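Sequential numbering from 4 applies to the sequence shown in the numbering used here. For each residue, glycine too, the CB sits at the ideal point set by N, CA and C. From a predicted model like this one, the values you see are computed outputs, not experimental measurements. The structure under discussion appears below in the form of structure tokens.
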Amino acid sequence: QVQLVESGGGLVQAGGSLRLSCAASQRAFSTYFMAWFRQAPGKERVFVARIRRSDSSTWYADSVKGRFTISRDSAKNTVYLQMNSLKPEDTAVYYCAAGDNLLHYDYWGQGTQVTVSS
Numbered sequence: 004q005v006q007l008v009e010s011g012g013g014l015v016q017a018g019g020s021l022r023l024s025c026a027a028s029q030r031a032f033s034t035y036f037m038a039w040f041r042q043a044p045g046k047e048r049v050f051v052a053r054i055r056r057s058d059s060s061t062w063y064a065d066s067v068k069g070r071f072t073i074s075r076d077s078a079k080n081t082v083y084l085q086m087n088s089l090k091p092e093d094t095a096v097y098y099c100a101a102g103d104n105l106l107h108y109d110y111w112g113q114g115t116q117v118t119v120s121s
């Protein structure tokens with residue numbers, strides 16, 4: 004069974020930090036890409052960060068570049084999103100995703116809420 008389970012969300016003040024975790028089943032973790040997306044209230048889900056399994060290359064949305072870091076731990080089948088210098092506009096439900104296609108992800112987690120207060 005393919006599973007992605009996010010954790011680590013919560014309420015934090017602006018300027019603070021959170022680390023999200025995505026525990027993946029072996030099938031999901033073996034896909035070519037793993038990524039984080041987010042969806043703010045009333046808005047579409049958007050890309051946040053991506054990591055490639057083969058060489059751990061990373062990509063970021065401009066809005067989070069320099070503040071967020073995506074990483075993976077193969078021993079734990081887990082992908083992380085370290086979020087620093089959080090802003091109120093980072094408030095959203097954050098989703099973990101996995102897939103073999105750069106533009107299409109086959110597997111999704113249930114999401115974890117991140118709320119940043121001003």
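Output the distance between the C-alpha atoms of T61 and V67, rounded to the nearest integer angstrom. 13 Å
Assigned secondary structure, E134 (DSSP; H/G/I helix, E/B strand, else coil): The first residue shown for the chain is 4 and the last is 121, placing residue 134 beyond what the model contains.
Whether or not the segment 111–119 and the segment 51–59 are in contact is what I'm after, with contact meaning three or more pairs of Cβ atoms, one per stretch, closer than 8 Å; do they touch? no
When DSSP labels each residue in this structure, what does Q29 get in the three-state scheme? helix
Which residues bound the beta strand (DSSP E) around T118? T115 to S120
Sort out for me which residues DSSP pairs T72 with in a bridge. Q85
Residues bridged to Y63 by DSSP? A52
In the DSSP assignment, what residue or residues form a beta bridge with E9? C25
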